[in-house]
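So that you can map any letter, position 135 of the sequence shown is 139 in the working numbering, and since no number is skipped, the others follow by simple counting. Take a look at the structure set out below.
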Amino acid sequence: MTDYPYMLSNNKIAPIITKIQQAARPAKFTIEVLRNLGFTSTNDRAVVPLLKKLGFLMDDGTPTALYDQLKDPTSTQTILATQIKALYADLYAINTEIHKAPEAEVKGAISRVTGKDAEGVARIYNTFKALCNIATFDIVQTPVVAEEKAEVPPKTDTTVPVTVPRANEFHYNIQIHLPATNDISVYNAIFKSLKENLLM
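In structure tokens:
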């Protein structure tokens, strides 16, 4: 069964976070640091394990990188929403917008995942709601408008390639061995054949 941290003095969560934003980043966030911030009640001490479970402090109380985002007023609400979803992942598995659900539905979900009695469920619920009331879950992203640019037609190559054919010149060296004869008709027949077959 899942076990969620809770505070009895849930009305102190928001003021403690405000003081965290104003104060210097401590080497370790201890009960003494909390007391120096002005929260001296024993019920206030429960915020330390709560901050650890949310990922803002390491087990020894050393602030994490998320602690710096919690300190920054511009990111406090969004980082809280992110870490709430991480810590209460089992609840968000039941309803992805459990932070918007009616009290009865949230308590029913807490009861199923924790197995706690009505008193335990109520304590967890009160802390969960106190955190959700500080966080911002709906982030409106500014749409990026593409800068309008005049369409530039693609470059076209208007150069017409000219192919200059190369003349294939063939040179023939023909040697004719004429037979030794006194008959002129033999030579006439040879040259006539050359004219008809080789010469264009």
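The beta-carbon is built from N, C-alpha and C at its ideal position, and this holds for glycine as well. For clarity, every value in this text was computed on a predicted model and none was experimentally measured.
**OP:** Please report how far the alpha carbon of Leu135 lies from the alpha carbon of Phe60, in whole angstroms.
**Re:** Mapped onto the sequence shown, residue 135 falls at position 131. Mapped onto the sequence shown, residue 60 falls at position 56. Distance between the alpha carbons of Leu135 and Phe60: 14 Å.
**OP:** Check whether the Cβ atoms of Tyr71 and Phe132 sit closer than 8 Å, and answer yes or no.
**Re:** The residue you call residue 71 lines up with position 67 of the sequence shown. The residue you call residue 132 lines up with position 128 of the sequence shown. No, the Cβ-Cβ distance between Tyr71 and Phe132 is not below 8 Å.
Subject >> For Pro77, the residue or residues it bridges with in DSSP >> reply: Counting from one through the sequence shown, the residue named residue 77 turns up at place 73. In DSSP, Pro77 forms no bridge with anything.
Subject >> Extent of the continuous alpha helix (DSSP H) to which Leu54 belongs >> reply: The sequence position of residue 54 within the sequence shown is 50, counting from 1. In the DSSP annotation of this structure, the continuous segment of the alpha helix (DSSP H) that includes Leu54 starts and ends at Val51 to Lys57.
**OP:** Quick one: grab the DSSP three-state call for Pro9.
**Re:** Residue 9 sits at position 5 when you count from the first residue of the sequence shown. Note: Pro9 maps to coil in three-state DSSP.
**OP:** Could you say if the stretch 47-66 and the stretch 105-124 meet the contact criterion of at least three C-beta pairs nearer than 8 Å?
**Re:** no
Subject >> Nearest candidate by alpha-carbon position, reference Leu3, set Pro77, Thr22, Arg116 and Thr80 >> reply: Outside the displayed span of the chain (5 to 204) sits residue 3, for which this structure offers no information.
Original post:
Does Leu135 come within less than 8 Å of chain B when only Cβ atoms are used?
Top reply: The question asks about chain B, but that chain is absent: this structure has only one protein chain.
Original post:
Lys104: buried (16+ other C-beta within 10 angstroms of its C-beta) or exposed?
Top reply: Translated into the one-based positions of the sequence shown, residue 104 becomes position 100. By the neighbour-count rule (16 or more Cβ atoms within 10 Å), Lys104 is not buried but exposed.
Original post:
Whose C-beta lies closer than 6 Å to the C-beta of Gln1 among residues of the same chain, with five residues either side of it excluded?
Top reply: The structure shown has nothing for residue 1, since the chain only spans 5 to 204.
Original post:
Which value, in whole angstroms, describes the spacing of the CA atoms of Phe141 and Leu58?
Top reply: Numbered from its first residue, the sequence shown carries residue 141 at position 137. Numbered from its first residue, the sequence shown carries residue 58 at position 54. Straight-line Cα distance between these residues: approximately 16 Å.
**OP:** Leaving aside the five residues before and after Ala31 along the sequence, list all residues of the same chain whose C-beta is less than 6 Å from its C-beta, in chain order.
**Re:** On the sequence shown, position 27 is the one that residue 31 refers to. So the list is empty, once near-sequence residues are dropped.
Original post:
Which of the three DSSP states, helix, strand or coil, is assigned to Thr163?
Top reply: Walking along the sequence shown from the start, residue 163 turns up at place 159. Only weak support exists for where Thr163 lies, its pLDDT of 47 falling under 50; the coordinates are left without a value.
**OP:** Would you mind giving the Cβ-Cβ distance between Lys75 and Gln25, rounded to the nearest angstrom? I have them listed as a contact below 8 Å.
**Re:** Taking the first residue of the sequence shown as 1, we reach residue 75 at position 71. Taking the first residue of the sequence shown as 1, we reach residue 25 at position 21. With a Cβ gap of about 5 Å, Lys75 and Gln25 count as contacting.
Original post:
Quick one: what's got a C-beta closer than 8 Å to Val51's C-beta in the same chain, skipping five residues either side?
Top reply: Here the question's residue 51 lines up with position 47 in the sequence shown. The residues are Met11, Lys16, Ile17, Ile20, Leu38 and Phe43.
**OP:** Output the distance between the C-alpha atoms of Asn40 and Arg127, rounded to the nearest integer angstrom.
**Re:** Here residue 40 corresponds to residue number 36 of the sequence shown, with the count starting at 1. Here residue 127 corresponds to residue number 123 of the sequence shown, with the count starting at 1. Cα to Cα, the separation comes out at about 26 Å.
Original post:
So the alpha helix (DSSP H) Arg127 belongs to, where does it begin and stop?
Top reply: In the sequence shown, counting from the first residue as 1, residue 127 sits at position 123. Its alpha helix (DSSP H) spans residues Ala122 to Ile138.
Original post:
Going by DSSP, which residues form a beta bridge with Leu61?
Top reply: For this step, residue 61 is matched to residue 57 along the sequence shown. Paired residues: Pro67.
**OP:** Pull up the distance between the alpha-carbon of Thr22 and that of Ile114, whole angstroms please.
**Re:** Reading the sequence shown from its first residue, position 18 is the one you call residue 22. Reading the sequence shown from its first residue, position 110 is the one you call residue 114. Distance between the alpha carbons of Thr22 and Ile114: 28 Å.
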